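Enquirer:
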Amino acid sequence: MKIKIEIEEGLEEEEVIIRCGSLNDSVVSLQNYISKQGGGKRCLSLRNGEKLFYVPMEEIYFFETEGREIRAHTADGLFSCDYKLYELEELLPGSFMRISKSSIANLDCVYSIAKNLTASSVMEFRGSSKKTLVSRSYYRAVTERLNARKLGL
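Start counting the sequence shown at 1; every next residue gets the next number (our numbering).
1) Check whether the segment 80–92 and the segment 134–151 are in contact - that is, three or more C-beta pairs closer than 8 Å.
2) If you run the structure through DSSP and keep just helix, strand and coil, what is I18?
3) How about R126: is its C-beta nearer than 9 Å to some C-beta of chain D?
4) Is the distance from the Cβ of F62 to the Cβ of I3 below 9 Å?
5) Assess contact between the segment 106–116 and the segment 127–147, defined as three or more Cβ pairs (one per stretch) separated by less than 8 Å. Is contact present?
6) Expressed to the nearest angstrom, what Euclidean distance is found between the alpha-carbon atoms of S129 and G21?
7) Can you tell me which of A72, L133, I7 puts its alpha carbon nearest to the alpha carbon of E58?
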């Protein structure tokens, strides 16, 4: 692994770029570590009606598309999001993962996944009755990533 530091005077905010051949658990761990070193909680601005809320990312359980709108689910809230799913994938920390064509979940909040061999599996979240679907094509990658995270690998 090469490490390179570039000093750029006048930079408003520090930026860390990780270049990798593929996204693996060590890269995700590095991303999480660097994110935690940044200090305060990272928040997303989300809407509920006319109100704008700044919700810490770790409180968000999952994002899903509903029509043309992206919805963010927390334990007790539902918010509208101005980002597209592909933009969220780049923006969110490593604890988030695409679980279907229309959803991204926070793996740190997952309580269970009920496997279904013929259709999508149901994902449940800690401290909430909220559920979402994991498509069959993502199921294996999601469970492998969950197992690696829970075991601390």
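C-beta atoms are modelled at their ideal positions from N, C-alpha and C, and glycine is treated no differently. Source: prediction; values computed, not measured.
Expert: The relevant details are as follows:
1) The way I'd put it, the segment 80–92 doesn't touch the segment 134–151; fewer than three beta-carbon pairs between them come closer than 8 Å.
2) The residue given as residue 18 occupies position 18 in the sequence shown. Shown here, I18 sits in coil according to DSSP, grouped into three states, outside any helix or strand.
3) Absence of chain D from the displayed structure is noted, only one protein chain being present.
4) Here residue 62 refers to the residue found at position 62 when the sequence shown is read from its first residue. Here residue 3 refers to the residue found at position 3 when the sequence shown is read from its first residue. Result no, Cβ atoms of F62 and I3 do not sit closer than 9 Å.
5) Touching, per the Cβ criterion.
6) As a first step, residue 129 is located in the sequence shown; it is residue number 129 there, counting from the start. As a first step, residue 21 is located in the sequence shown; it is residue number 21 there, counting from the start. Approximately 38 Å, taken between the alpha carbons.
7) Counting from 1 along the sequence shown, the entry for residue 58 is found at position 58. By alpha-carbon distance to E58, the top candidate from A72, L133, I7 is A72.
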